[in-house]
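In mature numbering (1 follows the signal peptide of the UniProt record, and there is no 0), the protein residues as written are -17 to -1, 1 to 573. Note that beta-carbon positions come from the ideal geometry of N, C-alpha and C, so glycine has one too. Predicted, not measured: the structure shown is a model, and the values here were computed from it. Here is the structure we will look at, set down as structure tokens.
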């Protein structure tokens, strides 16, 4: 029986390609053997052909693949899907960065919506599609790129996983929120959504499984992943890993403010009270000049509300405008969480790096109320809440350098640990069936300290603190952590089977139990992380949650009476201080 017609046509095309390769590839003087190898790096996506000549360390790199197009006349608004390629796209451009400040200088380009796709070289030998990990970088929504941590994801590729890293707009371009149809807010998160749609539609061309996509991120990247679970968009991924990025953290959400473009324009010499005119003017300004101005305005405190344009916001609904989120996550249920396994966690001493090597003045002038102002409506009544927090963490003494660990504990608990616990409760409330929690405590881990244990591009940082004395232990932690993450990617379970290498079972949390994996020299399951501190914050939000800017209070009068009767007795009667509520005498069982 003869060969199928498609097979004959493919053979004819191959012969033509090999004979007339100069019409297909731009490289000069390519030997036949090399050209045959290049053919293996050519993929056909829904946008057209994509090719790469970048091969190293056993994997192929498709760099700078465009997924979105920023509107030149309104670079602060929604982007459009990238149009189909008119000819083969050569994915070899490295170093693409969205506009931002780095080392005091502006860098980046506005047309920065690209993906870096890393594919194991032996993918061709596998008939089964490979699972996919999509990395969303951190950087407080103002800095970072797809290449910062993920430029060498070899550790994951060795486990036969395709890795995709996403560039998305940052700062003034990605998170200006004006409550207008033209600039509704959350452009950076919508960029990520556009990227996830592109990956869902095209990753099969690279050998990936579009039904086995895990999105993971750290810091602002972790918050992004968390926000996608609550977004109004369709389900675009199958599993999620949230590293130090709970969406219920105090600083997560910003507020809309139409004065932002007016202030920026005036600072640049263009004075107007018309927001549309200001936006049109700012759209004509060079990106480097604009991010520099935005940075200068923040550092000179021209904006009362710190970080005004680098945070997600609750959007206003407009007809014909696609919204990302129109309610705060604290007031929502995540429908997606019902069918998505989740890993969520944080590091044990997130604020340690910010306190290290600080002088006495830093501690003496530290004002914890500033941390509350971004997420709470502070008035005279709120002073007693601040006093309660100070008393719990610092006693009656002022904050001092010698007591730096107390400040680290406070910030870690307030910004990361308790919001993580609250988020796990919110996910369970939403119907999530599988939520795994961890605490990365290895060597007093600060914010981002887990990243060198996941990405080989940062492996040199593992020697910084001890000169390599504990190199063997660090490598063991690295290999185990990567194994847990890749197990989760493949099976939806980080510890599908007990082994000598992973001699424990990572059990998910439930409505009645709070197990978590303590990632240290010895990986160990524990229960109720820092439960004394968590109990304090549980009570704090019960009494003062109504002061949160996005809190939906159904019964203000009843809750006000409860607050006045409870907290004053707890913290301002010296005879009953910490005695009326027994939770503050609980011993730490961890």
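| request: Determine the DSSP secondary structure at residue 400, reduced to helix, strand or coil. | output: Of the three classes helix, strand and coil, the one that applies to residue 400 here is helix, per DSSP.
| query | In this structure, what does DSSP give as the bridge partners for residue 373? | reply | BP columns for residue 373 are empty, so no partner.
Open item on the list: Taking the alpha-carbon of residue 415 as reference, which of 275, 348 and 406 has the nearest alpha-carbon?
Closed with: Among 275, 348 and 406, the Cα nearest to that of residue 415 is on 406.
Whether or not the stretch 161 to 171 and the stretch 301 to 313 are in contact is what I'm after, with contact meaning three or more pairs of Cβ atoms, one per stretch, closer than 8 Å; do they touch?
With a cut-off of 8 Å, the stretch 161 to 171 and the stretch 301 to 313 count as touching, because enough Cβ pairs lie within range.
### Query
What does a CB cutoff of less than 6 Å around residue 270 pick up in its chain, not counting 5 residues either side in sequence?
Excluding sequence neighbours, residue 270 sits near 82 and 93.
Open item on the list: Taking the beta carbon of residue 97 as the centre, do at least 16 other beta carbons fall within 10 Å, making it buried, or is it exposed?
Closed with: In summary, residue 97 is buried, with 16 or more beta-carbon neighbours lying within 10 Å of its beta-carbon over all protein chains present.
Would you call the stretch 450 to 465 in contact with the stretch 119 to 136, where contact means no fewer than 3 C-beta pairs closer than 8 Å?
Cβ pair count under 8 Å is below three, so no.
- Are the Cβ atoms of residue 430 and residue 333 separated by less than 8 Å? Contact annotation: residue 430 and residue 333 have beta-carbon atoms nearer than 8 Å.
Between which residues of its own chain and residue 146 is the CB-CB distance below 7 Å, once the five residues before and five after are set aside? Correct list, in chain order: 101, 116, 118, 133, 136, 139 and 140.
Who are the Cβ neighbours of residue 630 in its own chain at under 6 Å, not counting the five residues just before and after it? Residue 630 lies beyond the range of the chain shown here (-17 to 573); nothing can be said about it.
Item checked: Residues near residue 202 by beta carbon distance below 6 Å, same chain, minus five either side -> 121, 227 and 228.
*asked:* Here's a check: name, in chain order, each residue in its chain whose Cβ is nearer than 6 Å to the Cβ of residue 26, leaving out the five neighbours to either side.
replied: Here the set comprises 33, 188 and 189.
Requested in this report: Starting from residue 392, follow the alpha helix (DSSP H) in both directions and report where the run begins and ends.
Outcome: Run containing residue 392: 387 to 394, per the alpha helix (DSSP H) assignment.
Under 6 Å Cβ to Cβ from residue 393, same chain only, skipping five residues before and after it: list those, please.
-> Counting only Cβ-Cβ distances below 6 Å, and skipping sequence neighbours, we find 376.
What residue does the alpha helix (DSSP H) around residue 470 start on, and which one ends it?
Looking at the DSSP string, the run of the alpha helix (DSSP H) that includes residue 470 is 454 to 474.
* Where DSSP assigns a beta bridge to residue 329, which residues make up the other side? -> Answer is 422.
Taking Cβ positions, are residue 330 and residue 428 nearer each other than 8 Å? Taking 8 Å as the cut-off, the Cβ atoms of residue 330 and residue 428 count as close.
Exercise. CB residue 325 to CB residue 423, shorter than 8 Å?
Worked result: Taking 8 Å as the Cβ cut-off, residue 325 and residue 423 do not qualify as a contacting pair.
Next on the checklist: With DSSP as the reference, identify every bridge partner of residue 197, one or two as the case may be.
Outcome noted: DSSP output for residue 197 lists 116 and 222 as bridge partner(s).
Can you list, in chain order, the residues of its chain whose CB lies under 8 Å from that of residue 173, leaving out five sequence neighbours each side? Excluding residues within five positions, the ones whose Cβ falls inside 8 Å are 61, 62, 305 and 307.
### Task
Report the residue from 297, 57, 51 and 47 whose alpha carbon sits nearest the alpha carbon of residue 72.
Closest in alpha carbon position to residue 72, among 297, 57, 51 and 47, is 47.
Looking only at its chain, what residues have a beta carbon closer than 6 Å to the beta carbon of residue 534, apart from the 5 residues adjacent to it on each side? The answer, listed in chain order, is 528.
**Study point:** Within the stretch 341 to 372, ranges of the alpha helix (DSSP H) (whole runs, at least 4 residues)
**Key:** Secondary structure within the stretch 341 to 372: the alpha helix (DSSP H) runs of 4 or more consecutive residues, fully enclosed, are 343 to 347 and 352 to 356 (chain order).
Beta-carbon proximity list for residue 343, same chain, < 6 Å, skipping 5 on both sides: Apart from sequence neighbours up to five positions away, the residues of its chain that approach residue 343 with a beta-carbon distance below 6 Å are 384, ordered along the chain.
Checklist entry - If you draw a straight line from the C-alpha of residue 91 to the C-alpha of residue 127, how long is it? => result Answer to the nearest angstrom: the Cα atoms are 10 Å apart.
| query | From 37, 160 and 175, pick the residue whose C-alpha is nearest to that of residue 51; which is it? | reply | Residue 175 is the option with its Cα nearest to residue 51.
So, with DSSP's three-state summary, where would you put residue 300? Of the three classes helix, strand and coil, the one that applies to residue 300 here is coil, per DSSP.
TODO: Kindly list the residues whose CB is nearer than 7 Å to the CB of residue 479, restricted to its own chain and excluding five residues on each side of it in sequence; keep chain order.
DONE: Around residue 479: 470.
| request: Tell me residue 163's beta-bridge partners as DSSP assigns them. | output: For residue 163, which the question treats as bridged, DSSP gives no partner whatsoever.
**Request:** Count the other CB atoms, across all protein chains shown, that sit within 10 Å of the CB of residue 493; report buried if there are 16 or more and exposed otherwise.
**Result:** Residue 493 should be labelled exposed.
Run of the alpha helix (DSSP H) containing residue 157, from where it starts to where it stops: That run of the alpha helix (DSSP H) goes 154 to 158.
ask   = How is the alpha helix (DSSP H) around residue 207 delimited, first residue to last?
value = Unbroken alpha helix (DSSP H) run through residue 207: 203 to 213.
Once DSSP output is grouped into helix, strand and coil, what is the label at residue 94? Residue state for residue 94 is assigned as coil, using DSSP reduced to three classes.
Provide the residue span of the beta strand (DSSP E) that contains residue 28, from first to last. 26 to 28 is the span of the beta strand (DSSP E), which, as asked, contains residue 28.
Original post:
What residue from 212, 467, 44 and 65 has the CA that sits closest to residue 30's CA?
Top reply: Its Cα nearest to that of residue 30, the residue 65 stands out among 212, 467, 44 and 65.
Q | Unbroken beta strand (DSSP E) run spanning residue 236, endpoints | A | Per DSSP, residue 236 lies in no beta strand (DSSP E) and is assigned neither H nor E.
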